[in-house]
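Here the structure is laid out as structure tokens; the discussion comes afterwards.
Numbering (the working numbering), first residue to last: 175 to 295.
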């Protein structure tokens with residue numbers, strides 16, 4: 175079982191950095207929603223770091239996508255950092271890489287390897 179959900183914020187006046195820790199799942203959905211709403215109303219570009227998550231399920235992904243839509247509707251940028259771990263796996267399994275604006279390096283490396291193998295005699 176993952177650790178309890180928490181969210182840390184860092185604001186430099188232009189970009190709001192959010193670091194999610196623990197489990198962003200159905201059990202934490204209400205708290206995650208409330209924290210994201212409070213962060214979004216700041217009117218800043220938002221970077222959400224998911225690397226410290228132990229668990230990310232469909233409810234967490236839905237809330238992150240809703241936050242993305244809200245931030246972008248307000249004319250600000252929204253990006254997600256998920257370089258590995260549970261969050262990256264959940265995003266890949268959901269096929270949501272493009273929705274979060276970053277394709278996983280692993281997939282592009284596999285594609286490059288496949289292309290190189292096809293070119294070999």
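In this text, a Cβ means the ideal position worked out from N, Cα and C, and glycines have one as well.
Outcome for residue i when other beta-carbon atoms lying within 10 angstroms are tallied against a minimum of 16
i	result
residue 254	buried
residue 280	Residue confidence for residue 280 is low, a pLDDT of 41 falling below 50, so the modelled location carries little weight and cannot support an answer.
residue 267	exposed
residue 263	exposed
residue 229	buried
Whole-Å CB distance - residue i paired with residue j, under 8 Å assumed
i	j	result
residue 209	residue 238	In fact, because the Cβ distance is near 12 Å, the residues do not count as touching under 8 Å.
residue 233	residue 200	4 Å
Those residues which DSSP pairs with residue i across a bridge
i	result
residue 191	184 and 221
residue 239	DSSP output for residue 239 lists no bridge partner at all.
residue 253	221
When the options are compared against residue i, the one with the closest alpha-carbon
i	options	result
residue 184	214, 234, 264 and 232	214
residue 193	258, 200 and 221	221
residue 227	206, 243 and 212	206
residue 260	191, 241 and 197	197
residue 191	241, 211 and 223	223
Under the three-state DSSP convention, the category residue i falls into
i	result
residue 208	helix
residue 196	strand
residue 272	helix
residue 226	strand
residue 215	coil
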